[in-house]
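Numbering (our numbering), first residue to last: 1 to 328.
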């Protein structure tokens with residue numbers, strides 16, 4: 001059984017914080033984005049491709065394995081995302097007519113709603129989970145059977161499709177009805193690269209990237225784009241196809257027994273609950289004019305309510321206590 005990759009756990013936490021920062025700005029500025037923080041989702045897609053290939057590609061035994069894979073994915077993703085959707089339903093019932101709000105409830109079973117501004121009005125980030133589940137299914141049915149060379153062709157073929165949509169909407173596609181189709185090349189590009197990286201590296205990247213770079217690249221890149229107010233398609237594409245693989249390479253070099261390993265583990269445990277609930281809470285805080293800081297505080301409290309997060313923190317505190325006792 002393959003061990004956990006603590007560095008990648010930490011990077012999940014960093015990416016989730018980048019999405020939180022991006023959406024905090026949007027919630028306090030009438031939904032207007034600034035910078036390229038949305039590209040953290042593309043890092044999530046790539047990381048998912050890497051981890052799914054690492055976990056499952058060598059162990060498929062037939063249809064039962066495929067069913068088990070999808071069942072495990074749904075069991076992991078649906079309950080947490082549903083918490084966010086239920087929180088978001090308050091804002092939807094405030095903003096939509098009763099009939100539209102009722103129809104939007106299909107979001108609870110990961111079905112997009114195409115009659116509003118976002119395809120997942122109950123919980124905006126659920127659009128990426130929808131596309132991740134689609135590409136997970138494609139992985140088990142098609143991608144895992146393809147050679148690495150063929151996957152490279154698939155990834156390369158996605159670039160012109162993505163840029164074609166980006167000419168009108170930018171690279172932030174997939175979350176709205178008018179950009180929905182663009183979500184398919186977006187997720188396929190990053191996810192396929194993730195599979196390729198696993199097959200090529202097997203947790204031992206052949207490029208030397210420091211862990212410092214891995215953990216600083218996203219904050220620095222997104223911070224720079226936010227300060228400059230830019231949203232270059234070329235810069236965004238370079239982030240996805242060049243910087244994201246470098247970030248993963250650096251994360252794979254993170255020492256398992258680093259003094260920061262406990263923090264990285266907690267960051268990994270926090271990342272998905274944070275991603276799942278932050279957006280509806282921020283918008284609810286905005287609806288009631290509570291301010292960004294209050295919204296973030298509510299997000300923190302909500303994330304801490306998840307048992308998985310509390311267990312991770314308690315386990316790491318226990319490990320530190322046992323270590324202190326052993327050296328005393």
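Note that the Cβ used here is the ideal one computed from N, Cα and C, for glycine as well. The structure displayed is predicted, hence computed values, not measured ones.
| Item | Value |
| --- | --- |
| Helix, strand or coil at residue 38 according to DSSP, with G and I counted as helix | helix |
| Reduced DSSP category for residue 146 - H, G, I as helix; E, B as strand; rest coil | coil |
| Proximal residues to residue 136 (C-beta, below 6 Å), its chain only, five neighbours per side dropped | 73 |
| Separation of residue 32 from residue 193, as counted between CA atoms | 30 Å |
| Residue 131 - containing alpha helix (DSSP H), residue span | 126 to 141 |
| Start-to-end residues for the alpha helix (DSSP H) that takes in residue 292 | 292 to 304 |
| Spatially closest choice to residue 115 from 176, 266, 319, by CA coordinates | 176 |
| Local conformation of residue 1 per DSSP, three classes | Unreliable placement is indicated for residue 1, whose pLDDT of 44 sits below 50; the coordinate value is still reported in the next sentence. Three-state result, residue 1: coil. |
| Residue 29 - DSSP class collapsed to helix/strand/coil | coil |
| Validate contact between the region 151 to 163 and the region 3 to 12 using beta carbons, cut 8 Å, 3 pairs | no |
| Beta-carbon gap between residue 239 and residue 17 smaller than 7 Å | no |
| For residue 273, the three-state DSSP class (helix, strand or coil) | helix |
| Residues near residue 1 by beta carbon distance below 6 Å, same chain, minus five either side | Here the model assigns residue 1 a pLDDT of 44, short of 50, so the residue's position is not dependable, and the following value carries that caveat. If we look at residue 1 and ignore the five residues flanking it on each side, it has no Cβ neighbours. |
| Among 66, 89, 183, nearest to residue 42 - alpha-carbon criterion | 183 |
| Within 7 Å, strictly: CB atoms of residue 237 and residue 195 | no |
| Whole-angstrom distance between residue 287 and residue 293, CA atom to CA atom | 14 Å |
| contact_flag[the region 265 to 281, the region 302 to 316] where n(CB pairs < 8 Å) is 3 or more | yes |
| Straight-line gap, residue 189 to residue 117 (C-alpha atoms, nearest Å) | 25 Å |
| Collapsed DSSP secondary structure at residue 89 in the structure displayed | helix |
| Assigned secondary structure, residue 207 (DSSP; H/G/I helix, E/B strand, else coil) | coil |
| The alpha helix (DSSP H) enclosing residue 191, as first and last residue numbers | 183 to 201 |
| Cβ pair residue 50, residue 197 closer than 7 Å | yes |
| Extent of the continuous alpha helix (DSSP H) run through residue 246 | 244 to 252 |
| As assigned by DSSP and simplified to three states, the class of residue 177 | helix |
| Where residue 56 sits in the DSSP three-state scheme | helix |
| Contact the region 246 to 263 vs the region 205 to 216: 3+ CB pairs below 8 Å | yes |
| For residue 256, the three-state DSSP class (helix, strand or coil) | coil |
| Host alpha helix (DSSP H) of residue 99 (start-end) | 98 to 104 |
| For residue 46 and residue 252, the rounded distance between their alpha carbons | 14 Å |
| Limits of the alpha helix (DSSP H) - the one that residue 234 falls within | 233 to 238 |
| Given residue 57 as reference, the closest of 100, 261, 145 once Cα atoms are compared | 145 |
| Backbone secondary structure at residue 12 - three-state DSSP | helix |
| C-beta atoms of residue 282 and residue 27 nearer than 7 Å | yes |
| Three-way DSSP call (helix, strand, coil) for residue 118 in this model | coil |
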